[in-house]
Structure formats: structure tokens, C-alpha cells
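Structure record follows, encoded as C-alpha cells.
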Amino acid sequence: MAFKKLVSIGEIAEGKLTVVKTRHFSVVITKWENEYFAFEDSCTHDGEEISCGKLEGCVITCPRHFAKFDIRNGSVLALPATEPLTIFPTKVNGDDLEVDLEFA
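The sequence shown begins at 41 in my numbering and counts up one residue at a time.
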């Protein structure tokens with residue numbers, strides 16, 4: 041695993057979506073129930089930026105065709121998507137949120 045700092049934990053608000061662009065990915069980071077989650081900013085159905093969708097609890101809905109995903113594990117909760125979101129492991133290191141982008 042190769043965890044890299046992407047943001048400070050103070051930049052991540054509960055229930056809000058933060059997009060961080062890296063060399064290979066646009067990563068969405070959010071906090072839900074005091075846990076941090078990171079996933080690729082791309083709906084697996086058609087590539088729409090999922091960060092433009094609506095987050096309700098641990099479920100994010102794609103704005104284009106309304107596919108739904110669980111941000112905790114990427115699982116598909118509603119069609120038309122059939123493939124899970126790419127989820128990246130996270131860990132807190134002091135005041136920093138680190139994400140393992142090699143996990144994808």
C-alpha cells in the first residue's frame with residue numbers, strides 16, 4: 041500500500057463532497073459518521089462526474105441517470121450502473137487524510 045496525503049482532515053466536512061485531482065484520478069473525499077471515504081469521481085455507468093450528484097447518508101446518486109452507490113464499499117444500489125465505484129482506502133495521519141491510490 042502506498043498512502044499519500046491528499047488533504048487535511050479539517051478540509052473535509054461531514055456529508056460534503058470534496059474533489060481532489062491527482063495525476064491519474066479525480067478523487068472524491070467525504071466524511072460520514074466520523075469516517076472518511078474516498079472514491080473515483082466517475083460513475084461506472086457512463087463516466088459522469090459523480091461529485092455533481094447528491095449525497096444522502098452513505099448513498100451517492102449520479103446526476104445523469106440516477107445510478108446509486110454505497111460510498112463505504114462502492115456497491116451498486118440502483119441501475120443503470122452494474123459495476124461498483126472504485127473505492128480507495130483512507131487513513132488519518134495526524135491532521136492529514138492519506139489515500140492509497142495504488143489500490144485501484
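Quick reminder that beta carbons are idealized off the backbone N, C-alpha and C, glycines included.
Practice task
May I ask you to list the residues that DSSP assigns as paired with residue 78?
Solution key: 69, 128
Handout entry: Contact set for residue 76: own chain, Cβ-Cβ below 6 Å, skip 5 residues either direction
Key = 130, 137
Problem - Whole-number beta carbon distance between residue 128 and residue 67, since they are thought to touch under 8 Å - result: 6 Å
Handout entry: Beta carbon of residue 111 nearer than 7 Å to that of residue 102
Key = no
Exercise for the section: For residue 81, I'd like the list of residues in its chain whose CB is within less than 7 Å of its CB, leaving aside the five on either flank, ordered along the chain. Expected result: 59, 66, 67, 68, 89, 90, 91
Problem - residue 115 (DSSP reduced to helix, strand or coil) - result: coil
Handout entry: Cα-Cα separation, residue 55 to residue 99
Key = 10 Å
Problem - C-alpha distance - residue 107 paired with residue 140, whole-angstrom precision - result: 25 Å
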